[in-house]
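To start, the structure under review is shown below, and the notes come after it.
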Amino acid sequence: MKMTPTPITAAIAGLFAGVAMPLIWPKLGDETMYWVFAFLLVIALPMHVLVVGINPTRNAEGRGGIDAATLKRVVIWLVAGIAAVALMKIVAP
């Protein structure tokens, strides 16, 4: 499955993580495995698919690298996630 990430998909992933994680945070308790699964499902998986992409680009030497477009999507993801958390704090204190 090939998926091409865009700044819009990066923003969607950031918004999802920024809204979902604060909502499930209090329900996770002290069990470490709950935290690992929450991190993987809410942050790592959407970030990998919607920000980095399924087929990352390769440079001339055959190694994967970060390019300007990927860096831009990562920044958009972070900003959208922070904005969502801030908005959640304002709306539901």
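With the sequence shown counted from 1, adding 718 to any position gets you the numbering used here.
We treat Cβ as the ideally placed atom computed from N, Cα and C, and that holds for glycine.
Contact annotation: G736 and V793 have beta-carbon atoms that are not nearer than 8 Å.
Between G771 and M739, the C-beta gap is not smaller than 8 Å, which leaves the two residues out of contact.
Annotation: L746 is outside any alpha helix (DSSP H) and is labelled neither H nor E by DSSP. For L758 against I730, the beta-carbon gap comes to about 18 Å, at or over 8 Å, which does not count as contact. At the C-beta level, A798 and L746 stay beyond 8 Å of one another.
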